[in-house]
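Numbering (this note's numbering), first residue to last: 9 to 266.
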C-alpha cells in the first residue's frame, strides 16, 4: 500500500508541476505514458499505429497534454482513465471531421465523375486498402516479435514449440485462456516474465510438467489473446474465432472449450 501511495504522490506531483509550467515534469509524464498513448490510440483506431507514420498518434499526444492540464489531482478518478477518455474523444472528433471533409470532396466532384472514373477511384481505394492491410500486418508482426523478445522467445521457433497433438495443444490453449481471464496471473507474467506455474496447475488441472514443457506456447498464445493490439492478428493464426465465434465457459477451477 505504501508503494502505491508513493507512486500516486509522485504521479500527482508530476502532473501538478506540469500544470504549473514545469516542462521537465511534462516531458517525464509523456515519456512514462508513451506506450499508454499508443495503446489507447491503436485500440480506438482498431489497428496498430506507428509514431513515424500515423497522424492519429500525434492527435493522441496532443490530447494527452490536454488531459495533463485538465486533470484534477484531488479527485477520485485515475489519471490513466481520464487521459484515455480524453484521447478517445479527440480521435473520434478527428474521425468525424475527416469523414465530413471527404464527403465534401466527393460531393464537389460527383457531377463530373463518370462511371469509368468511379471504377478507377474504387480500384485505387481497394489497392490502397490492400497495401495498408499488408503494412499493418507487418507492423503487428514486428510488435508481436518485440513482445516475445521480452520473454526470451524467438518468433521463428513458434512452429517448433507448437504442440503436434490436438489434445496437448487445446490443453495449453486452455491454460492461455485461463491466464487471460485472471488479472493476477497476467500481472505475474508481466512482472516476472514467467508463468505462475503453481496457480496455473491448480486452475487448469494440468500437471507442472505439461505447463513447463508448454511454457513458450502458453505465453505466446496468452499475448495474442490478451493484447488488444493483436486482436486482428488472430485472423492469421489458429486462434481465429477464439474469444469471439467460439464460446468459453468459466468453471470454478478452469475454462474449457464448448
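All C-beta atoms in this analysis are idealised placements derived from N, C-alpha and C, irrespective of residue type, glycine included.
Check your understanding: Looking only at C-alpha atoms, which of 59, 76, 64, 66 sits nearest to residue 36?
Key -> 76
inquiry  = Here's the rule: buried if 16 or more other CB atoms are within 10 angstroms of the residue's CB, otherwise exposed. What is residue 78?
reply    = exposed
| message | Is the beta carbon of residue 233 closer than 9 Å to that of residue 185? | response | yes
Q) Where does residue 202 sit, in a helix, a strand or coil, going by DSSP? A) coil
- Item | Endpoints, alpha helix (DSSP H) assigned at residue 80 | Segment: none, residue 80 is in no alpha helix (DSSP H) and carries neither H nor E.
Between 188, 238, 63, which has its C-alpha nearest residue 154's C-alpha? 238
Problem set entry | Beta-carbon proximity list for residue 187, same chain, < 6 Å, skipping 5 on both sides | 193, 230
In chain order, what residues of the same chain lie with their CB nearer than 8 Å to the CB of residue 46, ignoring the 5 residues before and after it?
-> 57, 59, 65, 68
(Q) Taking its Cβ as the centre, do 16 or more other Cβ atoms sit within 10 Å of residue 21, making it buried, or is it exposed? (A) exposed
Assuming residue 43 contacts residue 72 (C-beta within less than 8 Å), just tell me the rounded distance between them.
Contact flag wrong, Cβ pair sits at about 12 Å.
- request: Taking residue 183 and residue 208 to be in contact with their CB atoms under 8 Å, please state how far apart those CB atoms are, rounded to whole angstroms.
  value: 6 Å
Task: Among 175, 158, 220, the one whose alpha carbon lies nearest that of residue 198 - done: 158
| said: Am I right that residue 227 and residue 203 are in contact with their C-beta atoms under 8 Å? What's the rounded C-beta distance? | reply: 7 Å
**Prompt:** Of the residues 225, 18, 26, 49, which one's Cα is nearest the Cα of residue 103?
**Reply:** 49
Taking the beta carbon of residue 249 as the centre, do at least 16 other beta carbons fall within 10 Å, making it buried, or is it exposed? The pLDDT assigned to residue 249 is 48, lower than 50, so where the model puts this residue is not dependable; a value taken from the coordinates is nonetheless given after this. When all chains shown are included, residue 249 counts as exposed.
- Ends of the alpha helix (DSSP H) at residue 179? 174–188
Practice problem: Look at the alpha carbon of residue 220 and the alpha carbon of residue 196, and state the distance between them as a whole number of angstroms. | Solution: 16 Å
Exercise. How big is the Cα-Cα spacing for residue 167 and residue 216?
Worked result: 22 Å
With 16 as the cutoff for other CB atoms within 10 Å, does residue 100 come out buried or exposed? exposed
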